[in-house]
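Report on one structure; see the data block that follows.
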Amino acid sequence: MTLLLHELKRNKLSLIIWSAAVAFMLGVCVLIYPEMAEQMKEMSDMFANMGALSDAFGLDQLGFKDFMGYFALEFGEMLCLGGGLFAAILGAGMLAKEEKDHTAEFLLTHPISRVSVVTSKLLAVLIQVVVLNLSTLIVTLICILAIGEQLQAGTLALLFLAALILQLEIAAITFGLSSLLRRGALGLGLGLALGFYFMNLVANLSEQLEFVKYITPYGYADAAHIVSEGRIEIKYLAVGLIVSAASIALAYKKYTSKDIA
Amino acid sequence: MNAIQTEHLTKFYGKTRGIEDVSLSVEVGDFFGFIGPNGAGKSTLIRTLLGLIAPTAGRAELFGRDAIKCRIENLNDIGYLPSEATFYSGMKVGELLKLSANLRKCDCTEQARELCERLELDTSRKIDELSLGNRKKVGIVAALQHNPKLYILDEPTSGLDPLMQKEFFTILQERNEQGATIFLSSHVLSEVMRYCNRAAVIREGHLIVSDTIQNLKQIGAKRVVLHGTTMPPLIPGLKHTRAKGKTVQFMYNGQTDVLLQALARMSLEDVSITDPDPEEILMHYYESAKEAN
Numbered sequence: 152m153t154l155l156l157h158e159l160k161r162n163k164l165s166l167i168i169w170s171a172a173v174a175f176m177l178g179v180c181v182l183i184y185p186e187m188a189e190q191m192k193e194m195s196d197m198f199a200n201m202g203a204l205s206d207a208f209g210l211d212q213l214g215f216k217d218f219m220g221y222f223a224l225e226f227g228e229m230l231c232l233g234g235g236l237f238a239a240i241l242g243a244g245m246l247a248k249e250e251k252d253h254t255a256e257f258l259l260t261h262p263i264s265r266v267s268v269v270t271s272k273l274l275a276v277l278i279q280v281v282v283l284n285l286s287t288l289i290v291t292l293i294c295i296l297a298i299g300e301q302l303q304a305g306t307l308a309l310l311f312l313a314a315l316i317l318q319l320e321i322a323a324i325t326f327g328l329s330s331l332l333r334r335g336a337l338g339l340g341l342g343l344a345l346g347f348y349f350m351n352l353v354a355n356l357s358e359q360l361e362f363v364k365y366i367t368p369y370g371y372a373d374a375a376h377i378v379s380e381g382r383i384e385i386k387y388l389a390v391g392l393i394v395s396a397a398s399i400a401l402a403y404k405k406y407t408s409k410d411i412a
Numbered sequence: 002m003n004a005i006q007t008e009h010l011t012k013f014y015g016k017t018r019g020i021e022d023v024s025l026s027v028e029v030g031d032f033f034g035f036i037g038p039n040g041a042g043k044s045t046l047i048r049t050l051l052g053l054i055a056p057t058a059g060r061a062e063l064f065g066r067d068a069i070k071c072r073i074e075n076l077n078d079i080g081y082l083p084s085e086a087t088f089y090s091g092m093k094v095g096e097l098l099k100l101s102a103n104l105r106k107c108d109c110t111e112q113a114r115e116l117c118e119r120l121e122l123d124t125s126r127k128i129d130e131l132s133l134g135n136r137k138k139v140g141i142v143a144a145l146q147h148n149p150k151l152y153i154l155d156e157p158t159s160g161l162d163p164l165m166q167k168e169f170f171t172i173l174q175e176r177n178e179q180g181a182t183i184f185l186s187s188h189v190l191s192e193v194m195r196y197c198n199r200a201a202v203i204r205e206g207h208l209i210v211s212d213t214i215q216n217l218k219q220i221g222a223k224r225v226v227l228h229g230t231t232m233p234p235l236i237p238g239l240k241h242t243r244a245k246g247k248t249v250q251f252m253y254n255g256q257t258d259v260l261l262q263a264l265a266r267m268s269l270e271d272v273s274i275t276d277p278d279p280e281e282i283l284m285h286y287y288e289s290a291k292e293a294n
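If you read the protein sequences in the order shown, they are chains A and B. Under the working numbering, the residue at position 139 of the first sequence is numbered 290, and the numbers go up by one with no gaps. Under the working numbering, the residue at position 138 of the second sequence is numbered 139, and the numbers go up by one with no gaps.
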């Protein structure tokens with residue numbers, strides 16, 4: 152408990168900035184929708200027919216004509232990408248920063264087991280990702296009500312749930328990887344999150360590349376797909392959950408037997 | 002029961018040697034000095050005792066408990082001061098000490114206050130802004146505030162000014178008199194000789210000697226300084242001969258009467274025959290280990 156509180160306290164500022172930034176940007180996107188909708192009545196068809204570009208961002212599945220279509224596009228970029236990067240930074244740094252900053256020696260010479268160190272740090276990641284998503288959800292809901300759009304609670308819930316799982320998966324993977332490294336995995340974590348994002352764009356382009364959606368968590372969190380189909384693709388999600396569990400297991404296994412230099 | 006007991010303890014980092022075949026025992030109540038040059042393996046041994054690293058071979062026990070398997074129980078009894086104490090950035094001294102106490106689930110407020118007072122450490126300062134010496138003091142208070150049974154101190158005096166060193170050793174002596182065991186590493190033999198009752202010397206990962214300070218001092222050699230000559234006497238048993246101007250000095254470990262007879266035949270202005278100083282004693286052990294190899 153001491154360690155968990157310590158972690159949350161240390162990360163407070165970064166969490167506030169990230170949550171505010173993501174929530175603010177998505178909120179602004181919602182608020183400008185009425186104006187956009189006016190201007191884009193005619194452009195919507197054009198957006199849907201830009202060939203590969205439309206396919207990559209799922210514009211072929213959605214129109215800008217209705218709010219949810221517009222929202223899904225912005226959502227994918229703000230919360231899934233923004234939150235994904237936050238989760239990657241968080242997960243990659245949690246264990247590795249102690250060794251990089253040489254504080255591991257301080258921490259691990261106190262009577263606290265390595266299992267509980269890993270558990271506390273995982274909980275700290277989970278809580279922070281949830282806080283970021285929750286604050287974004289609240290701001291989004293307020294903004295949607297403010298512009299007088301109909302709340303499509305079911306679809307919104309699915310979108311936010313998928314985004315949350317996506318961020319947790321990215322955090323879990325980078326957390327697991329960081330247990331293998333000594334010098335911090337920040338670059339690797341960010342690269343991985345961005346890589347996943349682009350993999351999904353590429354997978355949207357060609358049916359032959361659809362298998363990539365099994366690899367990237369952006370596959371099951373594809374907002375355009377969720378809005379048009381009304382569900383999360385379970386086969387992609389299942390792979391994501393297994394990868395997350397395996398990454399966390401790896402972190403426990405590696406960290407409990409690791410030499411701390 | 003020994004406070005620290007290692008048997009054939011060996012640690013390799015890949016192919017790099019840390020320590021090799023170190024068998025060492027430190028009794029409860031000892032004030033024990035662990036001496037060796039930089040890179041000899043002092044920190045490796047200490048990290049193994051603390052369970053931070055796992056030995057490649059052999060075993061280490063603290064109060065009869067395995068260093069790896071009983072890490073948590075052991076750490077409850079240990080106060081550890083790293084050679085280069087690094088703390089979380091942005092924290093105040095008081096916050097850090099409180100964190101350390103909380104991680105030990107103990108209320109050490111009173112002890113911490115007293116120690117900070119004696120070491121003249123301001124708890125309201127940010128650790129990042131402290132000098133090296135003051136940061137060392139933070140480490141010292143964190144290692145001492147919970148009144149452990151065993152103190153493991155890795156080069157504790159580096160960075161401390163002489164006054165603080167003295168106060169620090171006074172505190173350690175008090176704790177030692179109350180029954181605590183002190184194990185400190187150092188590359189300065191003089192401080193070990195002044196405060197410790199036992200010591201061990203390590204070099205290139207191997208334990209050279211472990212004995213009481215009294216016995217360690219008896220290396221059977223004297224330091225001889227001759228004034229008024231440019232040449233040492235031509236007798237066996239001379240080492241480290243150095244000549245400067247009309248002064249010659251050397252270490253002598255032969256028979257005393259042979260030396261005196263040789264000196265009597267020389268024309269000298271002055272002679273002094275003294276016990277070797279601590280650093281010379283240390284060199285003696287390092288060299289005897291090299292010869293043994």
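Where a beta carbon is used, it is the ideal one built from N, C-alpha and C, also for glycine. If you're wondering where the values come from, they're calculated on a predicted model, not measured in any experiment.
Under three-state DSSP, which class holds residue i?
i: A:Tyr221; result: helix
i: A:Phe319; result: As written in the sequence, residue 319 of chain A is Leu, which differs from the Phe given in the question. It is helical.
i: B:Ala58; result: strand
i: B:Tyr286; result: helix
i: A:Leu241; result: helix
i: B:Leu25; result: strand
i: B:Leu154; result: strand
i: A:Tyr369; result: coil
i: B:Ile214; result: helix
i: B:Asp278; result: coil
i: A:Asn351; result: helix
i: B:Ile141; result: helix
i: A:Tyr406; result: helix
i: A:Gln190; result: helix
i: B:Asp67; result: strand
i: B:Phe184; result: strand
i: B:Arg105; result: coil
i: A:Ser398; result: helix
i: B:Gly34; result: strand
i: A:Glu300; result: coil
i: A:His157; result: helix
Which whole-angstrom value is the C-beta distance of residue i and residue j, which I expect to be below 8 Å?
i: A:Gln322; j: A:Ala188; result: Residue identity differs from the one stated: residue 322 of chain A is Ala in this sequence, not Gln. At roughly 35 Å, the Cβ-Cβ gap does not stay under 8 Å, so A:Ala322 and A:Ala188 are not in contact.
i: A:Thr254; j: B:Thr87; result: 6 Å
i: A:Ala372; j: A:Ala313; result: 4 Å
i: B:Phe33; j: B:Ile183; result: 6 Å
i: A:Leu166; j: A:Val282; result: 6 Å
i: B:Lys1; j: B:Ile128; result: Summary: the structure shown does not reach residue 1 of chain B, with chain B confined to residues 2 through 294, and so no result is reported for it.
i: A:Leu415; j: A:Ile263; result: There is no way to answer for residue 415 of chain A, as the model of chain A reaches only from 152 to 412.
i: A:Asn351; j: A:Gly338; result: That belief does not hold up - the Cβ atoms of A:Asn351 and A:Gly338 are roughly 21 Å apart, past 8 Å.
i: B:Lys106; j: B:Leu120; result: The pair is not a contact, with the Cβ atoms about 24 Å apart (cut-off 8 Å).
i: B:Leu217; j: B:Ala200; result: 6 Å
Buried or exposed for residue i, please, with buried defined as at least 16 other CB atoms from any protein chain shown within 10 angstroms of its CB.
i: A:Gln318; result: buried
i: A:Thr287; result: buried
i: B:Ile79; result: buried
i: B:Arg195; result: exposed
i: B:Met2; result: exposed
i: A:Gln279; result: buried
i: B:Pro157; result: buried
i: A:Leu315; result: buried
i: B:Tyr152; result: buried
i: B:Gln146; result: buried
i: B:Asn296; result: As displayed, chain B neither begins before 2 nor continues past 294, which places residue 296 of chain B out of reach and without an answer.
i: A:Ala203; result: exposed
i: B:Gly180; result: exposed
Practice task
Check whether the region 271-280 of chain B touches the region 216-236 of chain B, counting contact only when three or more Cβ pairs, one atom from each stretch, lie closer than 8 Å.
Solution key: The region 271-280 of chain B is in contact with the region 216-236 of chain B.
Handout entry: the region 4-14 of chain B touching the region 23-31 of chain B, judged by at least three CB pairs closer than 8 Å
Key = Touching, yes, given that three or more Cβ pairs across the two stretches are closer than 8 Å.
Problem - Touch test, the region 54-74 of chain B against the region 393-405 of chain A, Cβ-Cβ under 8 Å, three pairs minimum - result: With a cut-off of 8 Å, the region 393-405 of chain A and the region 54-74 of chain B do not count as touching, because too few Cβ pairs lie within range.
Exercise for the section: Would you list, in chain order, the members of the region 254-270 of chain A that have their beta-carbon closer than 9 Å to a beta-carbon of chain B? Expected result: Interface annotation for the region 254-270 of chain A against chain B: Thr254, Ala255, Glu256, Phe257, Leu258, Leu259, Thr260, His261, Pro262, Ile263, Ser264, Arg265, criterion Cβ-Cβ distance under 9 Å.
Handout entry: Where the region 49-82 of chain B meets chain A: residues whose CB sits under 7 Å from a CB there
Key = Contacts with chain A (Cβ-Cβ distance below 7 Å) from the region 49-82 of chain B involve Leu51, Leu53, Ile54, Ala55, Ile73, Leu76, Asn77, Tyr81, listed in chain order.
Exercise for the section: May I ask you to verify whether the region 37-44 of chain B touches the region 101-114 of chain B, counting CB pairs closer than 8 Å and requiring at least 3? Expected result: Taking one beta carbon from each stretch, the region 37-44 of chain B and the region 101-114 of chain B have fewer than 3 pairs nearer than 8 Å; the two do not touch.
Practice task
Please confirm if the region 245-254 of chain B is in contact with the region 157-175 of chain B, defined as three or more CB-CB distances below 8 Å between the two stretches.
Solution key: With a cut-off of 8 Å, the region 157-175 of chain B and the region 245-254 of chain B do not count as touching, because too few Cβ pairs lie within range.
Problem - Cβ-based contacts, 7 Å cut-off: residues of the region 87-113 of chain B near chain A - result: Per Cβ criterion, the list reads Thr87, Phe88, Tyr89, Leu100, Ser101, Asn103, Leu104, Arg105.
Practice task
Inspect the CB distances between the region 240-247 of chain A and the region 332-343 of chain A and report whether three or more fall short of 8 Å.
Solution key: With the cut-off at 8 Å, the region 240-247 of chain A and the region 332-343 of chain A touch.
Problem - Three-pair Cβ contact test at 8 Å for the region 47-56 of chain B versus the region 401-412 of chain A - result: Counting Cβ pairs under 8 Å, three or more are found: they touch.
Exercise for the section: Tell me, please, whether the region 355-365 of chain A touches the region 295-308 of chain A by the rule of three or more beta-carbon pairs shorter than 8 Å. Expected result: Counting Cβ pairs under 8 Å, fewer than three are found: no touch.
Handout entry: Residues within the region 397-411 of chain A neighbouring chain B, beta-carbon criterion of under 8 Å
Key = Within the region 397-411 of chain A, the qualifying residues are Ser408, Asp410, Ile411.
Handout entry: Three-pair Cβ contact test at 8 Å for the region 229-243 of chain B versus the region 203-213 of chain B
Key = Judged by Cβ distances under 8 Å, the region 229-243 of chain B makes no contact with the region 203-213 of chain B, as fewer than three pairs qualify.
Handout entry: Touch test, the region 163-181 of chain A against the region 224-235 of chain A, Cβ-Cβ under 8 Å, three pairs minimum
Key = With the cut-off at 8 Å, the region 163-181 of chain A and the region 224-235 of chain A touch.
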